[in-house]
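First the structure, in the form of structure tokens, and then the observations on it.
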Amino acid sequence: MSFWSSASGASIWRGYDYFKEGKVEAYEQLAENIFESRIQGSAEDPYHTVIDIEHPKRSHCDCPFAKDRRVVCKHMVALCFTAFPSEADAFLREVKEPKKEEERRQQEHYKELERYVKSLKKDELQKQLYNALLELEERNNRYW
1 MSFWSSASGA
11 SIWRGYDYFK
21 EGKVEAYEQL
31 AENIFESRIQ
41 GSAEDPYHTV
51 IDIEHPKRSH
61 CDCPFAKDRR
71 VVCKHMVALC
81 FTAFPSEADA
91 FLREVKEPKK
101 EEERRQQEHY
111 KELERYVKSL
121 KKDELQKQLY
131 NALLELEERN
141 NRYW
């Protein structure tokens, strides 16, 4: 959906939060790709929101961020996730997958470091430790 490329990262995350918190009141499908709802936000009254999945810039919301502007706000994103829950699942998977890979690489790096340290002889280890402490001290003194 080109809808997502029209939204900022902040709007997508906040919209996801609103979706998960159930802030979208019952929505109505007005046409094949057009949905309407009222979404509870930070104001007392819910915001009236209409999204057009095929033409995101035609979407509108009466929240202060999106009113009279052609932007995709968090309320529009929340409505889209509510109308298409599989998109919310896909978004979360897309975000989590790189984090899992990064954690895996980090763990592998730590194991490599451990193997390296265990392979050092006592005098080599002492020299490496001494050099590391000197470098750490230099870095700390650099910002005094």
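Residue numbers (UniProt numbering): 1 to 144.
Just so you know, even glycine gets a beta-carbon here, dropped at the ideal spot from N, CA and C.
This structure is a prediction, so every number in the text was calculated from the model and none was measured.
- Here the alpha carbons of E94 and Q128 stand approximately 40 Å from one another.
- By the Cβ rule, the stretch 69-84 counts as touching the stretch 35-50, because three or more pairs are nearer than 8 Å.
- According to the DSSP assignment, S11 belongs to the alpha helix (DSSP H) that extends over G9 to K20.
- Under DSSP, F35 shares a beta bridge with Q29 and I51.
- Inter-segment contact for the stretch 25-35 and the stretch 93-113 is absent: fewer than three beta-carbon pairs are separated by less than 8 Å.
- The C-beta distance from F91 to I12 rounds to 7 Å, short enough to meet the 8 Å contact threshold.
- The distance from the Cβ of K23 to that of A78 is about 6 Å, consistent with a contact at the 8 Å cut-off.
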